Amino acid sequence: MKFGKKSQLPFFLILSLTLVACGNANNPEEDPELEEANSEPEISQEVPIQIRVQVDGQDQADLSKSLELEEEASLREVMDEYYQIKEENGYLVELEGIEHDPSKDKYWLFYVNDELAEFTMDEYMLDANDQIDWRLE
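For the record, in the sequence shown the residue sitting at position 116 is 116 according to the UniProt record's numbering, with numbers rising by one throughout.
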């Protein structure tokens with residue numbers, strides 16, 4: 001069977017369109033995976049925070065820390081990592097062996113930038129330059 005020029009035209013037209021469409025599929029300008037691989041690496045910014053501890057109005061310098069966090073973290077995560085603590089329902093009940101004393105109405109409270117926190121340490125996400133004060137009062 002012989003094919004004429006007219007019958008070959010649709011075949012070559014479809015073949016050309018297929019090659020053009022497939023040839024553009026790996027275009028690096030539109031491939032999100034290649035864009036991610038070629039993009040500049042993210043520079044992690046350290047988050048400086050300060051944690052101070054007071055018992056009955058007296059600073060506990062040996063328990064205070066200045067930290068540089070490499071990623072966003074909750075106050076609870078930082079306390080778990082840098083201190084020995086016990087908590088109940090998100091509230092601190094013991095810090096480095098110093099327990100709250102409900103019979104004397106003394107509880108661990110935390111202040112963020114000199115303001116009494118209105119949330120638990122689980123809920124609070126630390127921001128750069130936060131000053132956290134733990135006070136047994």
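Ideal placement from N, C-alpha and C gives every residue a C-beta, glycine not left out. Since we're looking at a predicted model, the values are computed, not measured.
{"Query": "Could you compute how far the alpha carbon of G97 sits from the alpha carbon of L63?", "Result": "11 Å"}
{"Query": "Figure out for me which residue from S74, L69, W108, E72 has the closest Cα to the Cα of K86.", "Result": "W108"}
{"Query": "Specify the secondary structure class of E123 as computed by DSSP and reduced to three states.", "Result": "coil"}
{"Query": "Could you tell me whether the Cβ atoms of L69 and V47 are closer together than 9 Å?", "Result": "yes"}
{"Query": "Do G90 and E123 have their C-beta atoms within less than 9 Å of each other?", "Result": "yes"}
{"Query": "Rounding to the nearest angstrom, what Cα-Cα distance links D101 and M79 in this structure?", "Result": "20 Å"}
{"Query": "For a cutoff of 9 Å on Cβ pairs, would you count N129 as touching chain B?", "Result": "The structure shown contains no chain B, having only a single protein chain."}
{"Query": "My output table needs one value for D56: the three-state DSSP class, helix, strand or coil.", "Result": "coil"}
{"Query": "Taking C-alpha atoms, which residue in M125, I51, D130 lies nearest to E72?", "Result": "M125"}
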